[in-house]
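**Student:** Heads up, the sequence shown is in our numbering, so the first residue is 90 and it goes up one at a time. We put the CB at the ideal spot given by N, CA and C, even for glycine. Got a structure for you, written out below as structure tokens; questions coming shortly.
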Amino acid sequence: ADEKTSLIPVRGGSNSSLCIKIYQSSLIHSKGAVVVLIWTSVITISTYILLNATIQLNAVSIWAKQPIQNFIFLFFPVLGYLGEKWTRYKVIIVSVSIMATTYVMSLILLIIIVMPDVHHGIRSTIEYLYTVTTLIILFGFGLFISNIIQFGTDQLQFAPSHHLAAFSHWF
């Protein structure tokens with residue numbers, strides 16, 4: 090068959106033609122939306138790496154692994170409301186600041202936990218502090234994720250609808 094010939098027969102006029110729409114990824118032309126996607130990827134990957142290291146090293150007790158992570162995501166409506174009450178930009182900056190400071194603290198604590206010479210009493214205190222920093226990171230991550238998609242679509246305010254669709258597909 091020729092490239093110009095249709096593989097699906099046309100029934101009637103051009104308005105009633107049967108066609109298949111093949112999904113094609115499109116580029117996002119807004120620099121702000123691209124920055125939002127990159128920002129989200131970096132924060133999601135870094136949170137995943139830190140939590141995976143926590144699970145692999147058994148650095149926190151069992152109650153703080155998956156149930157607490159799911160519990161944070163139950164607060165999405167409240168965290169989204171914070172984005173509506175304040176500006177989304179402020180909420181995102183606060184969440185990134187929370188996560189950045191607790192990442193540094195948790196990495197220091199994780200290095201201390203891995204050291205073999207740590208006394209048992211000090212080790213349990215450090216594991217408790219590490220659990221608290223993990224919870225704070227998860228709170229900041231929930232705050233970030235619950236507001237970033239709306240912030241990204243705000244960057245495409247006057248864009249055509251296919252740009253919004255491309256952003257949501259990429260997200």
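Consult DSSP for D206 and reduce its assignment to one of helix, strand or coil.
**Tutor:** In this structure, D206 counts as coil in the three-state DSSP scheme.
**Student:** Assuming M191 contacts G229 under a Cβ cut-off of 8 Å, what Cβ separation, rounded to an integer in Å, is found between them?
**Tutor:** Reading the sequence as shown, one finds Thr at residue 191 and not Met. Right, the Cβ-Cβ distance comes to about 7 Å (below 8 Å), so this counts as a contact.
**Student:** Quick one: give me the first and last residue of the alpha helix (DSSP H) that L163 is part of.
**Tutor:** Unbroken run through L163: none, as it is neither H nor E.
**Student:** Beta-carbon within less than 6 Å of T222's beta-carbon, same chain only, minus the 5 sequence neighbours each way: which residues are those?
**Tutor:** For T222, where only same-chain residues beyond five positions count, the Cβ hits under 6 Å are T191, M194 and S195.
**Student:** Determine the DSSP secondary structure at S119, reduced to helix, strand or coil.
**Tutor:** Residue state, collapsed to three classes: coil.
**Student:** Hey, is the segment 202-211 in contact with the segment 121-131, meaning 3+ C-beta pairs nearer than 8 Å?
**Tutor:** No, the segment 202-211 does not touch the segment 121-131.
**Student:** Within this structure, are the beta carbons of G281 and I182 separated by less than 8 Å?
**Tutor:** No information on residue 281 is available, as it lies outside the stretch 90 to 260 that the chain covers here.
**Student:** Which of the three DSSP states is assigned to S250 in this structure?
**Tutor:** Helix, per DSSP.
**Student:** Anyone know if the C-beta pair for Y219 and L245 falls short of 8 Å?
**Tutor:** Their beta carbons are not under 8 Å apart, which means Y219 does not touch L245 by this criterion.
**Student:** Using alpha carbons as the reference points, say which of L227, I226, I200 and I225 lies closest to I215.
**Tutor:** The option with the nearest alpha carbon to I215 is I200.
**Student:** What is the DSSP secondary structure of W259, reduced to helix, strand or coil?
**Tutor:** Of the three classes helix, strand and coil, the one that applies to W259 here is helix, per DSSP.
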